[in-house]
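These notes are about the structure you will find just below.
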Amino acid sequence: MNLGLAFDPLIPLPWLLAAAAVTAVVALLLLVARTRGAIFRALALLLAVLALANPSLTREEREPLSTVVAVVVDQSASQDFGERTQMTQAARQELEQRLARLKEQGAEVRMVEAGGGAGEVDGTRLFTALSAALADVPPERVAGAIFLTDGRVHDIPATMAGLGFRAPVHAIISGQEGERDRRVALTSTPRFGIVGQKQSVGYRVEDEGAPAGARVGVTVRRDGEVVARPIVTAGQPANVEVEITHAGANIIEIEAAALDGELTPVNNRAALSIDGVRDKLRVLLVSGEPHVGERTWRNLLKSDANVDLVHFTILRPPEKQDGTPINELSLIAFPTRELFQQKIKDFDLIIFDRYAQQGVLPMIYFDNIVRYVEEGGALLVAAGTDYISDGSVYYTSLDSILPAAPTGRMDETPFRPTLTQAGQRHPVTRALPGSQSDPPNWSHFFRVVDTDGAKGTSVMDGPNGKPLVLLDRVGEGRVALLLSDHFWLWARGFEGGGPHIDLLRRLSHWLMKEPDLEEERLRMSAHGGDIVVERQTMGDTAPTVVVTTPTGATRRVTLDQAEPGLFRATFPADTLGLWRASDGTLTALVNVGPLNPREFSEVTSTTEALRPAVEATGGGVWRMADLAGFVPRVVGVRSGERYAGEDWMGVALREVSVVRGLGLFPLFAGLSGLLILMAGIAAAWAREGR
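Numbers 2 to 691, taken from my numbering, label the letters of the sequence shown in order.
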C-alpha cells in the first residue's frame, strides 16, 4: 500500500496562485510589522488557501507484475544442416530449466518459434518474431531476449532503438566454427529472351572455409536437360550462353560440383527463370480455291496477335487462258519459288486448305515440304473434295508423310463428329466443350473423305468409325489431316455450332510444338500453399513420380486420374525453392517463393552477424559447442550496463506493479475541513486576545 497527497483545486489554477501570492504578501507584512498573533494569522490564511487547493490523502493498492524474458528459437531450414537441430533442442531444454529459477524472482518466460515452412520468403526473421511476441508487453516489463540460432538472421535492425525496449539481447549460436561450404551466386539474370535465341547468364562459384582459386566443374541445365558443362575458377565471375527453346518459363539451373567436407550441397545450385517470348509465329495458308470455309481459317489465325499470317488464295491457275492481257489483271502472282524454296524454313506452320494440284506448285516444291516437315516443320491439310480428285496433294511426294490415303469416295451421310478413345485422352481434343454428352453437343457434318491405311492417331471419328482428324509425327516434325471441309458449320452456328476455335487453335499449337499440348508431359505448378503434379499420357495409368524438395529430400507420389489422359496429385509446398519431379522419363520443375531463397544463400553458422546489434544492448554472443550444457549461466540483474560475461548472461529484473485499487480522502471537505479552518481562526483570535 502506498500513501500520497493529491490536489484538485476548487478554482482555476491562475486564481489559486494569485490567492497564494496575496496570502504570502499579507503574511510577510504581518511578520515584518510584528503584529500580535502574526504567525497564527498567517497560518489561518494558509489554511484558507489550502482549502481552495482541495488536498486529498490517497492510498494506492498495487500488485507487482512479472518481468518478461523472450526466448526465440530459430527453426528455419538452415538449422537442419549438420547437428544444429540437436544442439538447439538441447540448449532449449537446458535454458528452460535455468530460466525456471528466475520465476521465483518474478520473471515470466515466453518461448517463440520462428522460421520453418514455406513462410521464409525473405529469409530468417527472428527480430520480427520477437516484436510480435512482445507486442502486448509494456517496454518497462521486458527483462531481455535470447536467440537460439545459427547466426544467419536477415532482419537485424539498423539500430536497436527500433526494438521498443531497453533490455539485453543475447545470441547463442548453433553449429561449429570453421564450417566449409560451396555456393553458386548469380550475377547477371536476364528476365526475358526471344525463343530460338541465346541469353547470357552470369554467375560465380564461392567457397567458404576453403582456399580460393579451385577449379570447379559446373553443370548447366535448362528445364532439367543438361546443356553445358563448363569448368570455372572459384571466386571468379563466369558466363554461360543458354538457348531459349520455348515460350513461357525456361528454368535455368547452374550446379557446381560438391566441395569435400562441405556443410550441405543444397546451395551448390542456383536457378533462374527466363520467360521465352516468341518473335512471331509465321503461318503460310494456301487456299486452293475460294469457298465458304476459307474465312474460318483466316479469322482464327488473324485473331491471334502473335501470328504473322501469309495467305494466298489461288483464283486463276496458270492453265486458265481467257485472253485477258496480263497487264490488265489485278491478281498478285503466287511467289512459289520464294515461299517454297528460299523461305520455307522461316514458317512455323504450312496449311493447305482444299488445295489440289493445278500446276501452280512444281513437284520439286513438294519435296521441299517433305524435308521441311522431317526437319521439324509442321503441315496441316484441310481436305475436301480436292483430296479425292486427280490433283490431290496425296498424289505428290507428300504421300510419304500424309497419314491416310484417299479411296476416291466421299461419304455424305449426316453425322455428329465424336471423339475416339484416343481423342478423349489427347490434349488437342481432351475435354473439348460439348464432348461430355452422348451424342456430343455440337452440330452435324454432312461430308467426310473416305480413306484407307490410316496411321498416326485418330482423335475424332465420322460415320461408321471413319477417321475425321488424324495426327501424326514424321521425323522431327508433325502432320495433321482434317478429312472434312465442314468445320465452318461450327463457326457459322449451324444447329448451335461447335468448338471450332478450341479445336483448330489447339491443333495449330500442337503442330507448332506447344509444350502444354504434348501427349506425354509431366507438369508441376504451385497454387497457394500447395504443389500440383500433373501427368498427361495416352496410356491407361501413370507411373509413380519421385519429387525432390529444394533441400534434396525425396518423396514418392502416386497420381490419381482426374480425367481421361490426365493424372494429378496435390501436396503441401512446405519448403521454399526449386522443386523437381521425375517419373524416370520426364522431368518437371516448379518454384515456390523466390528461386534462390536467402535462407540458403549463406549457410555456415556465424557469431559475427549478430554481434554488433547484441553488444549494443549490453548482451553477449556464445557458441553452443563452447559451453557446458550448450548455454551460459543465467543471472538476474537489478541494475547495470553490462549483462554478459565469458560464461554468464544476465536479464534485467524490473520492479513493476499495477494499481488495483485507489482510496481518496479530501482533507478540507465536509466537517473535517470546517474543523481545520475553525481551529486556525480560533488559534489566531485566541493569540490576539491576550
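Each residue gets a CB set at the ideal place from its N, CA and C atoms; glycine is no exception.
Along the stretch 579-636, the beta strand (DSSP E) occurs as fully enclosed runs of 3 or more residues at 588-593 and 622-624, listed in sequence order. In the displayed model, residue 256 falls within a strand according to three-state DSSP. Judged by DSSP in its simplified three-state form, residue 27 adopts helix. Beyond the five residues adjoining it in sequence on each side, residue 146 comes within less than 6 Å, by CB distance, of 71, 131 and 170 in the same chain, given in chain order. With 16 or more other Cβ atoms from the protein chains shown falling within 10 Å of its own Cβ, residue 582 counts as buried.
With fewer than 16 neighbouring CB atoms inside 10 Å of its own CB, residue 34 falls in the exposed class.
Closest option to residue 631, judged by alpha-carbon separation, among 98, 58, 78 and 26: 98. When 289, 621 and 140 are compared, the shortest CA-CA separation from residue 392 is found for 289.
Each residue's CA atom was taken as its position, placing residue 386 and residue 345 some 27 Å apart. Your pair residue 144 and residue 654 checks out as a contact, with CB atoms roughly 6 Å apart and the cut at 8 Å. The stretch 400-415 and the stretch 438-450 touch, with no fewer than 3 CB-CB distances between them shorter than 8 Å.
With a cut-off of 8 Å on Cβ pairs, the stretch 374-385 is not in contact with the stretch 534-541, counting fewer than three such pairs. The stretch 422-459 is shown to contain whole alpha helix (DSSP H) runs of 4 or more residues at 422-426, in chain order.
The bridge partners DSSP lists for residue 195 are 278.
Assignment of residue 307 by DSSP, reduced to helix, strand and coil, places it in the coil class. Going by beta carbons, residue 273 and residue 310 fall outside the 9 Å limit. With respect to the C-alpha of residue 481, the residue from 281, 433 and 374 having the closest C-alpha is 374.
In the structure shown, the three-state DSSP call for residue 398 is helix. The beta carbons of residue 248 and residue 278 sit closer together than 9 Å.
Taking each of 314, 190, 560 and 284 in turn and checking the Cα distance to residue 255, the smallest one comes out for 190. Here residue 295 has 288 as same chain residues with Cβ atoms under 6 Å from its own Cβ, once five neighbours each way along the sequence are excluded. Scanning its chain for C-beta atoms nearer than 7 Å, with the 5 sequence neighbours on each side dropped, one finds around residue 233 the residues 206, 217, 219 and 239, in chain order. If you draw a straight line from the Cα of residue 601 to the Cα of residue 491, it is about 55 Å long. DSSP places residue 292 outside both helix and strand once states are collapsed to three, so it counts as coil. Measuring C-alpha to C-alpha distances from residue 84 to each of 74, 175 and 101 identifies 175 as the nearest. In this structure, residue 586 keeps its C-beta atom at 9 Å or more from the C-beta atom of residue 209. With 16 or more other Cβ atoms inside 10 Å of its own Cβ, residue 603 counts as buried. Going by DSSP, residue 226 is part of the beta strand (DSSP E) stretching over 226-229. Each residue's CA atom was taken as its position, placing residue 133 and residue 115 some 11 Å apart. Boundaries of the beta strand (DSSP E) around residue 537: 531-537. Nearest to residue 305 by C-alpha distance, out of 292, 183, 282 and 129, is 282.
The residues 99, 648, 649 and 650, in chain order, have a CB closer than 8 Å to that of residue 634 in the same chain once the five nearest residues on each side in sequence are set aside. Rounded to whole angstroms, the gap between the alpha carbons of residue 124 and residue 154 is 7 Å. Under DSSP, residue 557 forms a beta bridge with 547. Cβ neighbours of residue 158 within its own chain (closer than 8 Å, five residues either side excluded): 128, 164 and 614.
Residue pairing of residue 475 in beta bridges, as defined by DSSP: 478.
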